[in-house]
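According to our numbering, the stretch in the sequence shown is residues -13 to 347, in order. Using N, Cα and C, we set each Cβ at its ideal position, and we do this for glycine too. In this text the structure is predicted, and so the values were computed from the model without any measurement. Right, one structure below, let's go through it.
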Amino acid sequence: MDLLLRSGEALRNWRALTTLMGTGVATIVIFLALASSGNGFLIFLGVVLAYLIASVGLSATGILLMDQALCVPPRSIGAALFDGIFAAMRLFVIVLIGLAIALLAILAVAILLVICKVPGLGGFLYAVVLPTCALALAFIYAGLYFVFALAGSSVWSGASIRQAVSALYVIVTRRLVESALGVIVLSLLIAVIGGIITAFVFAGVGAVIGLSAGILGNDIGIPNLSMMMMGGFHGGGLVYGGLFGFGILFALVSAVLFSMLILGINRLYLHLTANLDLASAEAALAGRMDAAKERARAMQEEARRRAEEMRQRAQTQAVAEPVIAPLAPILAAQATPACPACGQGTAPGDKFCEHCGQKLV
-13 MDLLLRSGEA LRNWRALTTL MGTGVATIVI FLALASSGNG FLIFLGVVLA YLIASVGLSA
47 TGILLMDQAL CVPPRSIGAA LFDGIFAAMR LFVIVLIGLA IALLAILAVA ILLVICKVPG
107 LGGFLYAVVL PTCALALAFI YAGLYFVFAL AGSSVWSGAS IRQAVSALYV IVTRRLVESA
167 LGVIVLSLLI AVIGGIITAF VFAGVGAVIG LSAGILGNDI GIPNLSMMMM GGFHGGGLVY
227 GGLFGFGILF ALVSAVLFSM LILGINRLYL HLTANLDLAS AEAALAGRMD AAKERARAMQ
287 EEARRRAEEM RQRAQTQAVA EPVIAPLAPI LAAQATPACP ACGQGTAPGD KFCEHCGQKL
347 V
């Protein structure tokens, strides 16, 4: 709890605050600049660029605050941004792994529900599958939620993808309750602090805009600013300046709150992994991954072997059929009795040929 209450120490890290505030301003400016064109491709490009800038800037901020949590000399903003590029890529891969786990869980539940369609046993199976799958999915989703909350800290600490995944796996399997309580308490703490800060900031904004409307003119009032944000009003330089200033204020307040949240998450991650043997966890995870690869390789070889057997069987049948087909009339002819004189067919038990009168017996 003391670690979470000390999240306010993030405000002393001017490098992290500057990086986070610059990230927010750059993200908003680039997205609005491209989205205002109305072109679909430029809007999509704006979304992609905004995501890239936000992910790299957030990772750089997390790295700077992780240095503070580890009590090591802080690196420069440029070095943090460079390291943030690779950290953002590793974090993206971890998110994809989490989404794949969620999809596999849903697929497994769907297969079980299909089995519940068996006549006679369907009702009994569904009575067992429903609560079991609901609890399993609840556990998986809860684990993924808290894993995603701590995933950034695992990457910002310098861990590779495998090291980060193994650390998160150990936290979920051994300290899920502790991590859940820590994340919930920190979220509530930041929400309360954010509400108080936002209330005071909006009080100040309201006072300044009220004075601005009386001194600079009615065009600077809150209704006009709101209409410009929604794209329904085009004001002068004062209005645009007010919007830009409001964006800077929003970025500053967001930087304060997010920096406190990130530092709290970093310290929570370090606390959860302090007494864990991450090297053994990584080795165990690597062993499970290798075993899964071996099973997948064995299944692939078995499927290839069966396909080869079916192909050879089909070729054998294709070669045998043309040989058997011409022999069929000969065998049928040999099996049918015939008159030795005229060659006409006779019935079994006939003593004379009904065509030429030749004695058969």
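Asked: Unbroken alpha helix (DSSP H) run spanning Pro117, endpoints; Found: 108 to 142
Asked: Residues sharing a beta bridge with Gly48, DSSP; Found: Answer is none; Gly48 lacks a bridge partner.
Asked: Environment of Ser266 [buried if 16+ CB atoms lie within 10 Å]; Found: exposed
Asked: Expected contact under 8 Å - CB spacing of Leu44 and Ser245 to nearest Å; Found: Not confirmed; about 11 Å, so no contact.
Asked: Nearest to Leu99 (by Cα), restricted to the options Cys325, Cys119, Leu56; Found: Cys119
Asked: Coil, strand or helix - Gly331 by DSSP; Found: strand
Asked: Ala324, DSSP secondary structure in three states; Found: strand
Asked: Entirely enclosed alpha helix (DSSP H) segments - the stretch 258 to 295, minimum 4 residues; Found: none
Asked: Residues near Ala2 in its chain [Cβ-Cβ closer than 6 Å; skip 5 each side]; Found: Thr47, Leu50, Leu51, Ser245
Asked: Whether Leu235 touches Ile176 by CB criterion (8 Å); Found: no
Asked: Inter-stretch contact (C-beta, 8 Å, three-pair minimum) for the stretch 165 to 185 and the stretch 273 to 285; Found: no
Asked: Whole-number beta carbon distance between Leu130 and Gly84, since they are thought to touch under 8 Å; Found: 5 Å
Asked: Option nearest Gly70 by Cα separation, candidates Val163, Thr184, Ile39; Found: Ile39
Asked: Burial state of Ala241, where buried means 16 or more other Cβ atoms lie within 10 Å; Found: buried
Asked: Distance CB(Ile251)-CB(Gly138) smaller than 8 Å; Found: yes
Asked: For Ala86, the first and last residue of its enclosing alpha helix (DSSP H); Found: 63 to 101
Asked: Outcome for Met7 when other beta-carbon atoms lying within 10 angstroms are tallied against a minimum of 16; Found: buried
Asked: 8 Å Cβ cutoff met for Val151 and Ile80; Found: yes
Asked: Closest Cα partner of Leu123 within the set Ala94, Ile101, Trp142; Found: Ala94
Asked: Own chain, CB closer than 6 Å to Tyr247, minus 5 neighbours either side, in chain order; Found: In the sequence as presented, Tyr is not what sits at residue 247; that position holds Leu. If we look at Leu247 and ignore the five residues flanking it on each side, its Cβ neighbours are Ile176.
Asked: Contacting residues, own chain, Cβ-Cβ under 6 Å from Ala324 (five flanking each side not counted); Found: Gly331
Asked: CB of Ile126 within 8 Å of CB of Ile87, strictly; Found: yes
Asked: C-beta contact flag for Ala73 and Val141 at 8 Å; Found: yes
Asked: Same chain, Cβ closer than 6 Å to Leu313, five either side skipped, listed in chain order; Found: Because Leu313 sits at a pLDDT of 48, beneath the cut-off of 50, its placement in the model cannot be relied upon, and the following sentence gives the value as read from the coordinates. Result list for Leu313: empty, nothing under 6 Å.
Asked: Separation of Ala113 from Val104, as counted between CA atoms; Found: 13 Å
Asked: Near the ligand ADP: Ser173 beta-carbon under 7 Å from a heavy atom; Found: You won't find the ligand ADP in this model; it holds no ligand whatsoever.
Asked: Phe78 versus Thr302: straight-line alpha-carbon distance, rounded; Found: 52 Å
Asked: Gly10 and Ala282 closer than 8 Å at C-beta; Found: no
Asked: Backbone CA spacing between Pro60 and Arg(-2) [nearest angstrom]; Found: 12 Å
Asked: Contact set for Gly(-6): own chain, Cβ-Cβ below 7 Å, skip 5 residues either direction; Found: Met246
Asked: Exposure label - Ala327; buried when at least 16 CB within 10 Å; Found: exposed
Asked: One or two residues paired with Phe236 in a DSSP bridge; Found: Beta-bridge pairing links Phe236 to no other residue.
Asked: Delimiting residues of the alpha helix (DSSP H) encompassing Gln344; Found: Premise fails: Gln344 is in no alpha helix (DSSP H) and is neither H nor E.
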